[in-house]
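There are 2 protein chains.
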Amino acid sequence: MSCEADTTALLRSGGRRLTPQRQRVAAALQHAGGHRTVEELHELMAGQPDTPMALSTVYRALTTLKELRLVSEVDAGGRAAFTWVDHSRPHHHLVCLGCGVERDLDPALLRQLGSEIRAVTGFDAFLDHFAIMGECARCRQAAAQT
Amino acid sequence: MSCEADTTALLRSGGRRLTPQRQRVAAALQHAGGHRTVEELHELMAGQPDTPMALSTVYRALTTLKELRLVSEVDAGGRAAFTWVDHSRPHHHLVCLGCGVERDLDPALLRQLGSEIRAVTGFDAFLDHFAIMGECARCRQAAAQT
DNA sequence: CTGCCCTCCGCGAATATTCGCAATTGTACG
DNA sequence: CGTACAATTGCGAATATTCGCGGAGGGCAG
Ligand SMILES: [Mn+2]
Ligand SMILES: [Mn+2]
Ligand SMILES: [Zn+2]
Ligand SMILES: [Zn+2]
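As you go down the protein sequences, you meet chains H and Y in turn. Residues in the first sequence are numbered consecutively from 11, following our numbering. Residues in the second sequence are numbered consecutively from 11, following our numbering.
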């Protein structure tokens with residue numbers, strides 16, 4: 011869980027403003043946890059006592075939060091989902107296109123990839139959180155038995 | 011460039027049908043080369059003597075071709091783009107979110123990641139072609155001089 | 001070659017996401 | 001605390017992408 015002070019500082023960086031909308035979207039995503047769609051977040055906030063927020067504002071707030079790397083968008087086959095980036099618990103997803111089963115991947119593997127890219131190219135790859143599509147062992151075996 | 015016979019065989023696999031629409035989309039993408047948007051492909055085919063093709067059909071054909079791994083969809087920040095998968099020239103992209111500069115990445119690094127994932131989890135990761143977002147060395151240095 | 005069945009296509013409607021613009025409202029400054 | 005100014009929001013319209021459905025036609029049994 012990112013430090014609150016750190017979050018507000020980032021939200022104010024680069025001429026950006028700390029608005030209640032951005033704070034609410036950030037809070038909603040942190041509180042809800044996991045992968046959430048834009049619609050889910052919008053409805054979550056519609057249930058709050060504050061003034062309702064336009065759907066397009068939720069989209070824009072998420073875009074901003076992504077730019078600050080406080081939030082990550084993941085495409086796991088279905089519709090786009092967003093998640094609060096917890097730097098203390100990095101993880102990635104392996105999604106089987108055959109059966110849909112989903113499991114987490116050891117973050118060390120991608121951390122190493124990031125280091126190698128950095129060493130070879132000088133490029134700092136943002137590999138915080140994403141989904142890798144493929145085929146699980148079970149489906150692969152099933153496919154091989156033709 | 012995939013073997014023609016191989017392509018038609020794949021298009022017929024699993025009860026799927028070999029239709030002129032799918033063949034035209036595949037041919038257009040191979041001929042055009044590079045990363046192409048749905049709209050570009052649709053217009054390309056609108057200029058052909060054959061009967062015009064519905065836009066939704068182009069979307070569906072690309073979805074099918076992706077399932078067969080003949081085509082890959084890449085999200086490099088802008089709108090979604092598709093490309094014919096040339097297994098003889100695997101490559102990936104590094105895209106800088108600061109300045110937009112884009113360079114290719116040594117495919118060996120991701121080939122190795124795939125092997126490790128396979129060894130550790132038994133999962134066959136499809137890492138044919140995609141974009142990795144991040145920050146180039148130049149932008150990183152500029153950001154550091156605050 | 002013919003007929004039948006089930007997948008695909010065209011089309012228009014439903015969703016999802018992005019934009020343009022005028023009205024608001026954070027922020028820096030005095 | 002009041003002003004000035006640019007960033008941001010709300011809203012509706014513009015795009016982008018996906019669906020549902022009835023008709024067309026690929027592919028296989030006969
Ligand atoms: Mn996750
Ligand atoms: Mn490419
Ligand atoms: Zn599977
Ligand atoms: Zn850069």
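We put the CB at the ideal spot given by N, CA and C, even for glycine. This one's a predicted model, so the numbers in the text were calculated from it and none came from an experiment.
C-beta neighbour in chain Y for residue i, strict 8 Å
i	result
T73(H)	no
D116(H)	yes
G132(H)	yes
L119(H)	yes
L104(H)	yes
L157(H)	Only positions 11 to 156 of chain H appear in the structure, and residue 157(H) is not among them; the question remains open.
Distance cut-off 7 Å: residue i Cβ against heavy atoms of ligand 4
i	result
E145(Y)	yes
V111(Y)	yes
G24(H)	no
G108(Y)	yes
Test: residue i CB closer than 8 Å to a CB of chain H
i	result
M159(Y)	Nothing about residue 159(Y) can be read from this structure; chain Y reaches only from 11 to 156.
R150(Y)	yes
F92(Y)	no
C146(Y)	yes
A135(Y)	yes
E126(Y)	yes
Residue i CB to nearest heavy atom of ligand 2 below 7 Å
i	result
T73(H)	no
T93(Y)	yes
H45(H)	no
Any non-hydrogen atom of ligand 3 within 7 Å of residue i CB
i	result
R148(H)	yes
Distance cut-off 7 Å: residue i Cβ against heavy atoms of ligand 1
i	result
V84(H)	yes
H97(Y)	no
H139(H)	yes
H103(H)	yes
* Only counting runs of 4 or more residues, tell me where the alpha helix (DSSP H) segments fall wholly within the segment 21–49 of chain Y, in order along the chain. => Annotation note: the segment 21–49 of chain Y contains the following uninterrupted alpha helix (DSSP H) runs of length 4 or greater, listed N- to C-terminal: 30–42.
* If you pair each beta-carbon of the segment 89–109 of chain Y with each one of the segment 28–44 of chain Y, do three or more pairs fall below 8 Å? -> At 8 Å Cβ cutoff, the stretches touch.
* Asked: Is the segment 107–127 of chain H touching the segment 122–132 of chain Y in the sense that three or more CB pairs, one from each, lie closer than 8 Å?
  -> The segment 122–132 of chain Y and the segment 107–127 of chain H touch, with no fewer than 3 CB-CB distances between them shorter than 8 Å.
* To do: Could you tell me whether the segment 97–106 of chain Y touches the segment 137–148 of chain Y, where touching means 3 or more Cβ pairs closer than 8 Å?
  => The segment 97–106 of chain Y is in contact with the segment 137–148 of chain Y.
* Asked: Are the segment 73–83 of chain H and the segment 103–110 of chain H in contact at 8 Å, needing three or more beta carbon pairs?
  -> The segment 103–110 of chain H and the segment 73–83 of chain H do not touch, with fewer than three beta-carbon pairs separated by less than 8 Å.
* **Touching by the beta-carbon criterion (3+ pairs, under 8 Å), the segment 15–35 of chain H and the segment 51–62 of chain H** => By the Cβ test, the segment 15–35 of chain H is in contact with the segment 51–62 of chain H, since at least three Cβ pairs between them sit closer than 8 Å.
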